[in-house]
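Undergrad: In the working numbering, the protein residues as written are 99 to 568.
Yeah, the Cβ is synthetic: ideal placement off N, Cα and C, and Gly gets one too.
Let me give you the structure first, and then I'll get to my questions.
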Amino acid sequence: MTRTPEIGLIGLGTMGANLALNIAEAGHVIAVFNRTSDRTRRFVEGAGPLADRIVPAETLNAFVDGLARPRRILLMVPAGAPVDEQIAALRPLLDTGDILIDGGNSDWQDSAARAESLQRDGLGYLGLGVSGGAEGARHGPSMMAGGAPEAYAAVGPILDDIAARFDATPCVAWLGHGGAGHFVKAVHNGIEYADMQMIAEVYGLMRDGQRRPDAEIAQVFGRWNAGPLESYLIEITAEVAGTTDPETGKPILSLIRDRAGQKGTGRWTVMDAQRRAAPLPAVEAAVTARVLSGEDAWRSAGARLFPQPKRAIALPDDNFERALLAGKILAYSQGFALLARAARDEGWDMSLAMVAQIWRAGCIIRSGLLDEMADALAQDGPDSLLAFAPGFARRLQDGVPALRRVVAEATLAGVPVPALSAALGHFDQLRQARGTANLIQGLRDRFGAHGFERLDRPGETGLHGPWGDA
Ligand code: NDP
């Protein structure tokens, strides 16, 4: 017999439907509501035996009335206006102590504002970043929560039950007040952009610099998935590159148009990083590459005007593997540095080791390396760079020479590797004790009297050069 629903979910799209089934399968009774009732009916019909634990509602009032108190309502609607509209519709129907959870990809600043506004009405709010796509939502996502700790305490046990597990540990955590959860999700997505772009660059080097067929490239990625690069993205790269289109018999990748979509989380991450002066060059390069992928008219005109140099790339596969690993470590190091800066700026009580732990399973960037990252981040303070932690510094000492060869060969052959070279450029700046900003400061002082510091007069600021009255 159906009990009173412990939680309600609004929005039975791809993510909402799968999360609702996951919650029901974990033994919880769940109420569901969708703007279009037809979708609710189809959802319940397709739920099989789990339908016993699903209570569909045709109206928002019936949905809200049926929930156990305090109410826990998970919103799974598109980010932006739909979330505000749904909150506005729910607000008059709720009682003090009820909790709203936004599980979409909302902008973290919107979540912070919503948390504050709902708190004024005595309502709890959690901004919950959910990663893992449809499959993760159904069988165990990684979840990043932000908002009131009391709200998390009330919802956490259900989230624990549905989260992915690494060993026995659920991949979900409270990471700070306000928009902390959605911020971490945005950085996760930014890292995902860089990870995917670097993988695509290595694919491009093998395809265009070595003229290798997709099936052979798939085998290389498949082998790498048994080594230090082991990760979900490498695994599915092998799968996608090895797939044949049943209609034409051709490799599916040869038929997929080379324009990449994006919903904005990568761009938000990059903009936020610049605002905090904690840049993420590899993610920036990846976001830019997606934008440029849409400029096919320019790319075709450019290809006609400036044909690719006739030069094959004669690097062995293990060189690509080590380069990819180095690039990946550098991108993650940039991402964690941004998280540390944001946590400090926003007063979030966030453990970076915990972030790495909850990314170890369920999410799109899950990988063997994240377990090592969690250990390194637990040992180092928030001001140190992951790339400089002993285990990762050793991996970079091994991988960076390979990355240099890849970037150099790619450049000579005219095969674009913007994310790999951005990661390398950032690394080289970080290991240049005497940089070239002395010239920048000299120029700024020469044209704008901006002043500089001198190495031979420590402590004095606003000094000027002998430029005269130019
Ligand atoms: P879908 O497009 O599959 O579903 C959207 C759902 O929201 C539908 O149930 C739709 O109802 C409802 N909806 C749309 N607009 C409104 C509105 N104005 N008011 C009320 N309900 C509305 O989206 P997804 O499930 O893919 O995504 C949901 C959220 O999860 C998004 O924020 C997305 O970015 C995020 N997300 C998605 C992932 C994915 O892999 N798809 C991964 C991680 C997060 P109706 O049936 O009436 O149209």
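Using a threshold of 8 Å, is the CB atom of residue 110 nearer than that to any non-hydrogen atom of ligand 2?
TA: Here the bound small molecules are ligand 1; ligand 2 is not part of this structure.
Undergrad: Please state if the CB of residue 307 and the CB of residue 409 are separated by a distance shorter than 9 Å.
TA: Cβ distance < 9 Å, so residue 409 and residue 307 count as in contact.
Undergrad: Considering only heavy atoms of ligand 1, does any lie closer than 8 Å to the CB of residue 175?
TA: Indeed, a heavy atom of ligand 1 lies less than 8 Å from the Cβ.
Undergrad: Where do the N-terminal and C-terminal ends of the alpha helix (DSSP H) with residue 188 fall, by residue?
TA: Its alpha helix (DSSP H) spans residues 179-188.
Undergrad: Along the chain, where does the beta strand (DSSP E) containing residue 170 start, and where does it finish?
TA: Run containing residue 170: 170-173, per the beta strand (DSSP E) assignment.
Undergrad: What are the residues that DSSP puts in a beta bridge with residue 400?
TA: Residue 400 is not bridged to any residue.
Undergrad: Among residues of its own chain, excluding the 5 on either side of residue 474, which ones have a beta-carbon nearer than 7 Å to its beta-carbon?
TA: Only 484, 487, 489, 490 meet the Cβ criterion.
Undergrad: Once you ignore the five residues that flank residue 348 on each side, which residues in its own chain have a CB closer than 8 Å to its CB?
TA: So the list reads 342, once near-sequence residues are dropped.
Undergrad: Taking 8 Å as the cut-off, is the C-beta of residue 207 nearer than that to any heavy atom in ligand 1?
TA: Checking the Cβ of residue 207 against ligand 1 gives no.
Undergrad: Looking at residue 494: is its Cβ nearer than 9 Å to the Cβ of residue 428?
TA: For residue 494 and residue 428, yes; Cβs fall inside 9 Å.
Undergrad: When DSSP labels each residue in this structure, what does residue 241 get in the three-state scheme?
TA: If DSSP states are grouped into helix, strand and coil, residue 241 belongs with the strands.
Undergrad: For residue 320, tell me which candidate among 369, 536, 454, 333 has the shortest Cα-Cα distance.
TA: Looking at the Cα atoms, 333 is the closest of the given residues.
Undergrad: What is the DSSP secondary structure of residue 215, counted as helix, strand or coil?
TA: If DSSP states are grouped into helix, strand and coil, residue 215 belongs with the helices.
Undergrad: Give every residue of the same chain whose Cβ lies closer than 6 Å to the Cβ of residue 249, excluding the five residues on either side of it in the sequence, and list them in chain order.
TA: Cβ within range, chain order: 197, 222, 224.
Undergrad: Rounded to whole angstroms, what's the CA-CA distance from residue 370 to residue 463? Just pull it up for me.
TA: One C-alpha to the other measures close to 20 Å.
Undergrad: Report yes or no: do three or more beta-carbon pairs, one from the region 350-368 and one from the region 262-273, lie closer than 8 Å?
TA: These segments do not touch.
Undergrad: Just to confirm before moving on: does the CB-CB distance between residue 278 and residue 246 stay below 9 Å?
TA: Against a cut-off of 9 Å, the Cβ pair of residue 246 and residue 278 comes out as no contact.
Undergrad: Distance check for residue 326 and residue 560, CA to CA, integer angstroms please.
TA: So the two alpha carbons sit approximately 49 Å from each other.
Undergrad: Smallest Cα separation from residue 292: which of 384, 322, 260?
TA: Residue 384 is the option with its Cα nearest to residue 292.
Undergrad: How many Å lie between residue 381 and residue 522 at the Cα?
TA: When rounded, the distance between both Cα atoms is 13 Å.
Undergrad: Could you tell me whether the region 412-421 touches the region 387-394, using the rule of 3 or more Cβ pairs below 8 Å?
TA: No: the two stretches stay apart, fewer than three of their Cβ pairs being nearer than 8 Å.
Undergrad: Would residue 542 and residue 565 be called neighbours here (beta carbons separated by less than 9 Å)?
TA: Cβ atoms of residue 542 and residue 565: not closer than 9 Å.
Undergrad: Sorry if obvious, but does the Cβ on residue 361 come closer than 8 Å to a heavy atom of ligand 1?
TA: At least one heavy atom of ligand 1 is nearer than 8 Å to the Cβ of residue 361, so yes.
Undergrad: Answer yes or no: the CB of residue 358 versus the heavy atoms of ligand 1, is any distance below 8 Å?
TA: Answer for residue 358: no, Cβ out of range of ligand 1.
Undergrad: On the three-state DSSP scale, how would you describe residue 224?
TA: Three-state result, residue 224: strand.
Undergrad: Along the chain, which unbroken stretches of the alpha helix (DSSP H) at least 4 residues long are found entirely within the region 473-514?
TA: Qualifying alpha helix (DSSP H) stretches, in chain order: 488-511.
Undergrad: Find out if the Cβ-Cβ distance for the pair residue 229, residue 460 is shorter than 9 Å.
TA: For residue 229 and residue 460, yes; Cβs fall inside 9 Å.
Undergrad: Between which two residues does the alpha helix (DSSP H) harbouring residue 200 extend?
TA: Where residue 200 is concerned, there is no enclosing alpha helix (DSSP H), although the beta strand (DSSP E) it sits in stretches over 197-200.
Undergrad: Tell me the rounded alpha-carbon separation between residue 551 and residue 563.
TA: Spanning the two alpha carbons is a distance of roughly 10 Å.
Undergrad: Confirm, please, whether the CB-CB distance from residue 177 to residue 203 is below 9 Å.
TA: In this structure, residue 177 lies closer than 9 Å to residue 203 by Cβ.
Undergrad: Tell me whether residue 565 sits in a helix, a strand or coil according to DSSP, three-state version.
TA: Residue state, collapsed to three classes: coil.
Undergrad: To the nearest angstrom, how far is the alpha carbon of residue 298 from that of residue 359?
TA: So the alpha carbons of these two residues sit roughly 14 Å apart.
Undergrad: Quick check: what's the CA-CA separation for residue 503 versus residue 468?
TA: One C-alpha to the other measures close to 26 Å.
Undergrad: Would you decide whether residue 323 is buried or exposed? Buried here means 16 or more other CB atoms lie within 10 Å of its CB.
TA: With 16 or more Cβ atoms within 10 Å of its Cβ, residue 323 is classed as buried.
Undergrad: Go ahead and label residue 431 buried or exposed: buried means 16 or more other beta carbons lie within 10 angstroms of its beta carbon, across all protein chains shown.
TA: By the 10 Å Cβ count, residue 431 comes out buried.
Undergrad: On the three-pair Cβ rule with 8 Å, is the region 146-153 touching the region 123-130?
TA: Contact holds: three or more Cβ-Cβ distances are below 8 Å.
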